[in-house]
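For the record, in the sequence shown the residue sitting at position 116 is 128 according to this note's numbering, with numbers rising by one throughout. Note that beta-carbon positions come from the ideal geometry of N, C-alpha and C, so glycine has one too. Bear in mind that the values here come from a model prediction, so they are computed numbers and not experimental data. The structure under discussion appears below in the form of structure tokens.
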Amino acid sequence: MGVTNDPRSHGLWAQSACDAPVTGCLTQDTTADVAIIGAGYTGLSAALHLAGAGRKVVVLEGQEIGYGGSGRNVGLVNAGLWLMPSDVMRTLGQTYGERVLSLLGQGPEVVFSLVRKYGIMCEAEPTGTLHCAPDHAGVRNLQQREKEWQQLGAPVTLLGEGETRRLTGSNAYRAALLDARAGTIQPLSYARGLAAAAMAEGAEIHTASPVSSVYREDGGWLVRTPRGSVKAQWVIVATNTYTDSLWPEIREEQIHLPYFNIATRPLPPACLNLILPKKQGVWDTREVLTSFRLDQAGRLVVGSVGSLGMIERNIHRQWAHRALTRIYPMLRDITFESEWYGRIGMTVDSVPRYHRLDEQVLSISGFNGRGISPGTMFGQILARRICGELTDADMPLPLTNIRQPPLRIARENIYRFGSTAVHAVFDRL
Ligand SMILES: Cc1cc2nc3c(=O)[nH]c(=O)nc-3n(C[C@H](O)[C@H](O)[C@H](O)COP(=O)(O)OP(=O)(O)OC[C@H]3O[C@@H](n4cnc5c(N)ncnc54)[C@H](O)[C@@H]3O)c2cc1C
Numbered sequence: 013m014g015v016t017n018d019p020r021s022h023g024l025w026a027q028s029a030c031d032a033p034v035t036g037c038l039t040q041d042t043t044a045d046v047a048i049i050g051a052g053y054t055g056l057s058a059a060l061h062l063a064g065a066g067r068k069v070v071v072l073e074g075q076e077i078g079y080g081g082s083g084r085n086v087g088l089v090n091a092g093l094w095l096m097p098s099d100v101m102r103t104l105g106q107t108y109g110e111r112v113l114s115l116l117g118q119g120p121e122v123v124f125s126l127v128r129k130y131g132i133m134c135e136a137e138p139t140g141t142l143h144c145a146p147d148h149a150g151v152r153n154l155q156q157r158e159k160e161w162q163q164l165g166a167p168v169t170l171l172g173e174g175e176t177r178r179l180t181g182s183n184a185y186r187a188a189l190l191d192a193r194a195g196t197i198q199p200l201s202y203a204r205g206l207a208a209a210a211m212a213e214g215a216e217i218h219t220a221s222p223v224s225s226v227y228r229e230d231g232g233w234l235v236r237t238p239r240g241s242v243k244a245q246w247v248i249v250a251t252n253t254y255t256d257s258l259w260p261e262i263r264e265e266q267i268h269l270p271y272f273n274i275a276t277r278p279l280p281p282a283c284l285n286l287i288l289p290k291k292q293g294v295w296d297t298r299e300v301l302t303s304f305r306l307d308q309a310g311r312l313v314v315g316s317v318g319s320l321g322m323i324e325r326n327i328h329r330q331w332a333h334r335a336l337t338r339i340y341p342m343l344r345d346i347t348f349e350s351e352w353y354g355r356i357g358m359t360v361d362s363v364p365r366y367h368r369l370d371e372q373v374l375s376i377s378g379f380n381g382r383g384i385s386p387g388t389m390f391g392q393i394l395a396r397r398i399c400g401e402l403t404d405a406d407m408p409l410p411l412t413n414i415r416q417p418p419l420r421i422a423r424e425n426i427y428r429f430g431s432t433a434v435h436a437v438f439d440r441l
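Following this line, the structure appears as structure tokens:
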């Protein structure tokens, strides 16, 4: 099972994941072409692609594979960012905007092809996602998204009320945007499978090996952990939203948004014929959004913004029950089996960041709740940058300095307590 710290850290995913490859703590001083800090999708994808290109790679993970967002998320394999394509272009400008949209548009295809290539057992369902609108404002939002994605040639279709009802099994939505590129996975299994694939390509992965310092030494970098070290020419810092004190600026650049998931027991077959018969993953257009999806055993996983800390746990649980009853009245008496939560790293403008933290020390972070495809793609891009296939000028994101967002702590409190206030009253009125 693994990921042993807290039953609310990885919940269902820890219970149903495939086994992790056998790894251990770094206990010696070693050398590598590239040291990678963090074993989530970004670090593991970079490791896989670097090792595949013949580089000697050592991955150092402070906890376990998939301990961060990669083992806790909803498992929606999305194409693109959270933003509408026109907002991406406006924020990044035409050159970078086009590069990012094109790169991340291919993200799900790359994820699902890695799953096939390496035989990763991660409940992959490449059957699309449904972005659902419960009201007219939501429908207008989806109409605009459809128009913008179709202009880019993406297979994205706005479905009317009847088709939405058939694919969700719910009367709660007026329309849905079906993105045929996307799908779902078991997120922790995907992380473990990527790790196994990277190891099969020759990468070394050490868990329970928190990096405590990165120092310049003899023209390279000395990356230290409590019981061993790696001397490397390049370092990738792939710690993202779960960054600890090693590079606190990366954490401080992001506004943390808590997000929880609650899973039902497996639904009876009669319900499974009606609810998400094609197993698409769903989220809605509300400000405090709701997401839901099935796992392979037929459990419904429902999620929203909020933490499952002591203060607010019960409010979110009760909301989840009311929300499910509203969406699927037939689930009125359903019981929940597990719950977990994590933190999503938002940036002020909702686009990820590419940083050169020092010479030959690279990092891409801040995926704004869209990290399965982006982590996989940006990991691959970092590998290509280090292999010399890309220069900084060719990268899909501009190289920027770390900048802290204004009022970060206030915004984090608004996410946490605002979502609690919304869930306390929502569906009661
Ligand atoms: C609840 C939730 C729901 C989400 N839903 C979705 C979704 O449906 N679809 C989607 O695409 N994205 C989703 N996301 C976002 C996605 O999970 C993340 O963007 C993605 O996992 C980030 O991957 P990563 O490899 O960059 O970072 P992480 O997976 O966070 O990995 C960072 C790793 O670095 C390690 N680390 C930190 N400091 C050190 C150190 N000093 N030494 C060694 N190791 C260190 C951590 O232990 C961690 O394992 C969600 C996130 C959350 C939390």
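Just to confirm, does residue i get its C-beta within under 8 angstroms of one of the non-hydrogen atoms of ligand 1?
| i | result |
| --- | --- |
| asparagine 90 | yes |
| tyrosine 271 | yes |
| arginine 9 | Nothing about residue 9 can be reported from this structure: the residues present for the chain run from 13 to 441 only. |
| valine 223 | yes |
| threonine 54 | yes |
| phenylalanine 304 | no |
| alanine 47 | no |
| arginine 111 | no |
| arginine 355 | yes |
| asparagine 443 | No statement about residue 443 is possible, as the shown extent of the chain runs from 13 to 441 and does not include it. |
| isoleucine 398 | no |
| phenylalanine 124 | no |
| glutamine 75 | yes |
| glycine 383 | yes |
| serine 241 | no |
| aspartate 256 | yes |
| serine 377 | yes |
With H, G and I counted as helix, E and B as strand and the rest as coil, what does DSSP make of residue i?
| i | result |
| --- | --- |
| tryptophan 25 | helix |
| isoleucine 248 | strand |
| valine 112 | helix |
| tyrosine 53 | helix |
| valine 434 | helix |
| serine 201 | helix |
| methionine 101 | helix |
| alanine 192 | coil |
| cysteine 37 | coil |
| aspartate 406 | helix |
| serine 182 | coil |
| phenylalanine 390 | helix |
| asparagine 273 | strand |
| glutamate 424 | helix |
| valine 243 | Note on residue identity: the sequence assigns lysine, not valine, to residue 243. Residue state, collapsed to three classes: strand. |
| threonine 412 | coil |
| arginine 157 | helix |
| methionine 211 | helix |
| proline 331 | The displayed chain sequence assigns tryptophan, not proline, to residue 331. If DSSP states are grouped into helix, strand and coil, tryptophan 331 belongs with the helices. |
| alanine 145 | strand |
| arginine 368 | strand |
| glutamate 137 | strand |
| glutamate 76 | coil |
| leucine 126 | helix |
Is it buried or exposed, residue i, if we count other Cβ atoms within 10 angstroms and call 16 or more buried?
| i | result |
| --- | --- |
| threonine 302 | buried |
| arginine 152 | exposed |
| asparagine 285 | exposed |
| methionine 322 | exposed |
| asparagine 273 | buried |
| aspartate 404 | exposed |
| threonine 432 | buried |
| serine 377 | buried |
| tyrosine 227 | exposed |
| valine 223 | buried |
| lysine 290 | exposed |
| asparagine 252 | buried |
| valine 86 | buried |
| proline 270 | buried |
| proline 408 | buried |
| histidine 148 | exposed |
Using the C-alpha atoms, what's the distance from residue j back to residue i?
| i | j | result |
| --- | --- | --- |
| isoleucine 393 | alanine 63 | 14 angstroms |
| tyrosine 108 | histidine 333 | 42 angstroms |
| aspartate 41 | isoleucine 421 | 39 angstroms |
| glycine 66 | serine 362 | 34 angstroms |
| glycine 80 | glycine 174 | 39 angstroms |
| glycine 119 | serine 385 | 5 angstroms |
| glycine 214 | serine 57 | 13 angstroms |
| methionine 133 | proline 410 | 35 angstroms |
| proline 278 | leucine 171 | 28 angstroms |
| arginine 263 | arginine 382 | 17 angstroms |
| tyrosine 353 | valine 314 | 12 angstroms |
Could you check if residue i belongs to the surroundings of ligand 2, using beta carbon to heavy atom distance under 8 angstroms?
| i | result |
| --- | --- |
| glycine 78 | Ligands displayed in this structure: ligand 1; ligand 2 is not among them. |
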